[in-house]
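Asks: For the sequence shown, the tail end lands on 489 under our numbering, and the numbers increase by one without skipping.
All residues carry an ideal CB built from backbone N, CA and C; glycine is no exception.
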Amino acid sequence: MAFILCFAGCSGDSGPRAIRRGMRALEKGRHAESITWFQRALPGITSNNERAIVLNGMGIAYYRLGRKTGAMRLFEESSAADAGAPEPVYNLGIVAWENGDGDKAVACFEKAAILNERDPRALEFLAVIHGRQRQWDDARRVLKEAARHAPSSPRILSSLAVLEVEAGNINRALELLQEALEKDAHYAPAVYNLAVINQRYLRRDDQALPLFTEYSKLAPSGRQGDQVRLIIKNLQNNRPPQPPPAGKPSPAAVSPPAVTAETAEISAAPSRPPAAVPAVVYPSFEELMRVAEKLEKQNRREAAFNNYLRIARAAEQSGRATVANQAVKRAISLAEGNAQAAYDLGVYFAERNKKEEALPYFKAALTQDANPYPAAMALARLALEKNEFDTAIISLKKADELRPEDPEALWLLAGLYDQQLSLTNSAAAAYNQFAARFPHDSRAPEALGRLKAMNFEFKPPENSPVARDGKPRSFWERMFRKQNAARQ
Numbered sequence: 002m003a004f005i006l007c008f009a010g011c012s013g014d015s016g017p018r019a020i021r022r023g024m025r026a027l028e029k030g031r032h033a034e035s036i037t038w039f040q041r042a043l044p045g046i047t048s049n050n051e052r053a054i055v056l057n058g059m060g061i062a063y064y065r066l067g068r069k070t071g072a073m074r075l076f077e078e079s080s081a082a083d084a085g086a087p088e089p090v091y092n093l094g095i096v097a098w099e100n101g102d103g104d105k106a107v108a109c110f111e112k113a114a115i116l117n118e119r120d121p122r123a124l125e126f127l128a129v130i131h132g133r134q135r136q137w138d139d140a141r142r143v144l145k146e147a148a149r150h151a152p153s154s155p156r157i158l159s160s161l162a163v164l165e166v167e168a169g170n171i172n173r174a175l176e177l178l179q180e181a182l183e184k185d186a187h188y189a190p191a192v193y194n195l196a197v198i199n200q201r202y203l204r205r206d207d208q209a210l211p212l213f214t215e216y217s218k219l220a221p222s223g224r225q226g227d228q229v230r231l232i233i234k235n236l237q238n239n240r241p242p243q244p245p246p247a248g249k250p251s252p253a254a255v256s257p258p259a260v261t262a263e264t265a266e267i268s269a270a271p272s273r274p275p276a277a278v279p280a281v282v283y284p285s286f287e288e289l290m291r292v293a294e295k296l297e298k299q300n301r302r303e304a305a306f307n308n309y310l311r312i313a314r315a316a317e318q319s320g321r322a323t324v325a326n327q328a329v330k331r332a333i334s335l336a337e338g339n340a341q342a343a344y345d346l347g348v349y350f351a352e353r354n355k356k357e358e359a360l361p362y363f364k365a366a367l368t369q370d371a372n373p374y375p376a377a378m379a380l381a382r383l384a385l386e387k388n389e390f391d392t393a394i395i396s397l398k399k400a401d402e403l404r405p406e407d408p409e410a411l412w413l414l415a416g417l418y419d420q421q422l423s424l425t426n427s428a429a430a431a432y433n434q435f436a437a438r439f440p441h442d443s444r445a446p447e448a449l450g451r452l453k454a455m456n457f458e459f460k461p462p463e464n465s466p467v468a469r470d471g472k473p474r475s476f477w478e479r480m481f482r483k484q485n486a487a488r489q
């Protein structure tokens with residue numbers, strides 16, 4: 002739990018102590034106690050970041066106590082306290098989905114995915130929603146985007162496989178599961194899904210049996226493990242195959258997604274299928290447009306905007322250019338003054354290689370947003386493609402200022418100075434910063450190599466955790482230097 006570790010070593014007034022105790026109680030399942038500690042901490046909090054953490058923790062406790070209305074309120078307050086925090090937005094999406102508000106859930110997951118590009122869970126949950134609505138193209142697009150952010154994740158490949166089975170593409174599902182097992186040969190959900198496909202869809206009990214056996218070794222406990230052992234027994238006795246525990250292949254963990262942002266697991270199918278699945282008649286584009294227009298009339302501008310943009314994508318894929326253009330125009334009319342909407346429109350046009358149209362929306366998102374890091378990076382990458390180097394430099398410096406813990410902006414800036422602009426001094430300064438700030442990054446040796454090639458000596462700051470040879474200093478070296486600096 003990243004936000005718990007923030008305070009694991011804190012000391013000081015009762016605020017941080019109360020936060021720490023609240024987090025410990027929450028982690029141990031003492032939810033009512035955690036709420037008491039969080040309430041005690043709130044009056045002494047001056048930082049918006051800490052306030053957002055506490056309110057999010059209280060929201061999780063309320064949710065686990067079954068008090069969903071209170072949980073939603075707390076997640077909303079947490080997001081308002083720190084507009085750049087993805088956890089409360091993600092959690093709000095889960096509660097909204099469980100309460101039947103699909104539009105709000107989709108808007109929350111889309112926003113959470115943008116706020117934390119490195120964490121694909123919001124995109125995975127969004128794909129689940131699209132899949133249950135049989136919006137196969139949208140679900141594939143979202144999962145492919147998730148895979149781009151986590152290319153080595155067997156979980157996302159397994160989710161894509163489940164989606165392809167639901168869409169009737171068994172061969173493609175098999176390819177994806179094999180690819181998932183290449184990433185991790187012992188990934189239990191992929192083994193389980195492969196077994197289910199062989200038993201239920203391909204009628205290959207001889208191939209399903211060893212797969213179910215392997216799964217029972219990988220995940221021996223729990224209700225699903227018991228059901229798999231029963232399937233194995235029936236297959237060994239040549240009895241008619243029993244149905245697997247889910248109506249469609251699903252990950253081994255079939256419980257509903259948990260609300261905790263740091264531990265939530267995405268379930269691609271309900272744990273118990275209905276006895277009969279009725280045919281789903283998907284609404285026409287005209288009906289979808291009427292729904293979006295109704296949301297707009299209700300002044301639910303964010304939900305309406307997201308609906309229009311999804312309609313535009315789906316209509317474009319179906320060859321309905323007129324509908325797509327109409328939906329995009331309606332989305333544009335709702336984007337003014339909304340940084341998130343401006344960013345989404347920038348992404349939409351950039352995906353279609355319409356760089357001139359994307360650029361002003363990324364610029365608008367960067368100037369309007371209270372947490373503009375995603376817009377800054379998107380604008381920088383687009384400016385680099387268009388050789389607008391002044392814009393790229395400004396955007397990369399802004400992104401590095403916003404998230405100094407993220408190496409990507411500084412690395413791109415160093416490469417821009419070095420390769421495109423041949424500004425040796427600026428490039429050397431950027432490479433020097435990169436090697437000093439990110440010694441464990443795989444690109445740090447390359448930064449040191451470029452410094453050497455340009456005849457510059459690596460000069461880490463006095464308080465840097467890196468020595469002049471580029472190797473991290475030991476704990477005792479850092480302590481000695483800190484003490485010397487204090488004496489001086």
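1) Taking the alpha helix (DSSP H) that asparagine 433 belongs to, which residues open and close that run?
2) Quick one: Cα of asparagine 194 to Cα of valine 166, how far?
3) In this structure, how does DSSP classify glutamate 402 when only helix, strand and coil are distinguished?
4) Alpha carbon to alpha carbon, what distance is there between alanine 33 and asparagine 92?
5) Let me confirm a value: glutamine 341 is counted as buried when at least 16 other C-beta atoms fall within 10 Å, else exposed. Which label applies?
6) Given that a residue counts as buried once 16 or more other Cβ atoms are within 10 Å of its Cβ, and exposed if not, what is asparagine 231?
7) Could you have a look at threonine 323 and say whether DSSP puts it in helix, strand or coil?
8) Run the CB neighbour count on leucine 315, radius 10 Å, all protein chains shown included, and call it buried at 16 or more, exposed below.
9) Check the C-beta distance from glutamate 99 over to leucine 124 and give it rounded, since I have them as a contact under 8 Å.
10) Between which two residues does the alpha helix (DSSP H) carrying arginine 291 extend?
11) Use the C-beta contact count for isoleucine 20: other C-beta atoms within 10 angstroms, 16 or more gives buried, fewer gives exposed.
12) Tell me which same chain residues have a C-beta within less than 8 Å of the C-beta of alanine 293, skipping the five on either side of it?
13) So, at 6 Å on beta carbons, what are the nonlocal neighbours of alanine 377 in its own chain, with the 5 sequence-adjacent residues on each side left out?
14) From the DSSP output, in three-state form, read off tyrosine 188 for me.
15) Taking only beta-carbon positions, decide if serine 222 is within less than 8 Å of chain D.
16) Which residue comes first and which comes last in the alpha helix (DSSP H) that contains glycine 94?
17) If you count every other CB in all the chains shown that lies within 10 Å of the CB of valine 278, and 16 or more means buried, which is it?
18) Helix, strand or coil for glutamine 134 per DSSP?
19) Buried or exposed: which applies to asparagine 117, given that a residue is buried once 16 or more other Cβ atoms fall within 10 Å of its Cβ?
20) Return the CA-CA distance between alanine 343 and arginine 135, expressed in angstroms with no decimal places.
21) Measure how close the beta-carbons of alanine 189 and tyrosine 216 come, nearest whole angstrom, since I'm counting them as under 8 Å.
22) For glycine 58, which of His441, Asp345, Ser48, Trp38 has the nearest alpha-carbon?
23) When the Cα atoms are used, what is the spatial distance from alanine 62 to glutamate 458?
24) Rounded C-beta distance between tyrosine 374 and arginine 404? I'm assuming under 8 Å.
25) With distances taken between CB atoms, is the gap from leucine 346 to leucine 383 smaller than 8 Å?
26) DSSP three-state label for histidine 32, please.
27) How is the alpha helix (DSSP H) around phenylalanine 457 delimited, first residue to last?
28) Where does glutamate 409 fall in DSSP's three states?
29) Give me the Cα-Cα distance between valine 96 and glutamine 434, rounded to the nearest whole angstrom.
30) Would you kindly work out how many angstroms separate the C-alpha atoms of glutamate 183 and leucine 161, rounded to a whole number?
31) Run through DSSP, which three-state label would arginine 141 get?
32) If you reduce the DSSP assignment to three classes, tell me which class proline 221 lands in.
33) How many Å lie between isoleucine 130 and tyrosine 202 at the Cα?
Replies: With the structure as the only source:
1) According to the DSSP assignment, asparagine 433 belongs to the alpha helix (DSSP H) that extends over 425–438.
2) 10 Å
3) Three-state DSSP puts glutamate 402 in a helix.
4) Inter-residue distance for asparagine 92 and alanine 33 is about 19 Å (C-alpha atoms, whole angstroms).
5) That one is buried.
6) Per the sequence shown, residue 231 should be read as leucine rather than asparagine. Answer is exposed; the Cβ neighbour count stays below 16.
7) Note: threonine 323 maps to helix in three-state DSSP.
8) Before going further, note that residue 315 is alanine rather than leucine in the sequence given. Only buried fits alanine 315, as 16 or more other CB atoms lie within 10 angstroms of its CB.
9) Distance from glutamate 99 to leucine 124 at the Cβ level is roughly 19 Å; contact not present, criterion being Cβ atoms closer than 8 Å.
10) 286–298
11) Buried.
12) Ala305, Asn308, Tyr309, Ile312, Ala328, Arg331
13) Leu367, Ser396, Lys399, Ala400
14) coil
15) The structure shown contains no chain D; it holds only a single protein chain.
16) 87–99
17) Note on valine 278: pLDDT 27, under 50, position unreliable in the model; no value is reported.
18) coil
19) Classification of asparagine 117: buried, given that the 10 Å Cβ count is 16 or more.
20) 28 Å
21) 6 Å
22) Trp38
23) Cα to Cα, alanine 62 sits roughly 53 Å from glutamate 458.
24) Indeed they touch by this definition, with Cβ atoms about 5 Å apart.
25) no
26) helix
27) Element bounds for phenylalanine 457: n/a, residue is neither H nor E.
28) Looking at glutamate 409 - three-state DSSP - the assignment turns out to be helix.
29) 43 Å
30) 15 Å
31) helix
32) In the three-state reduction of the DSSP assignment, proline 221 falls in the coil class, being assigned neither a helical nor a strand state.
33) 24 Å
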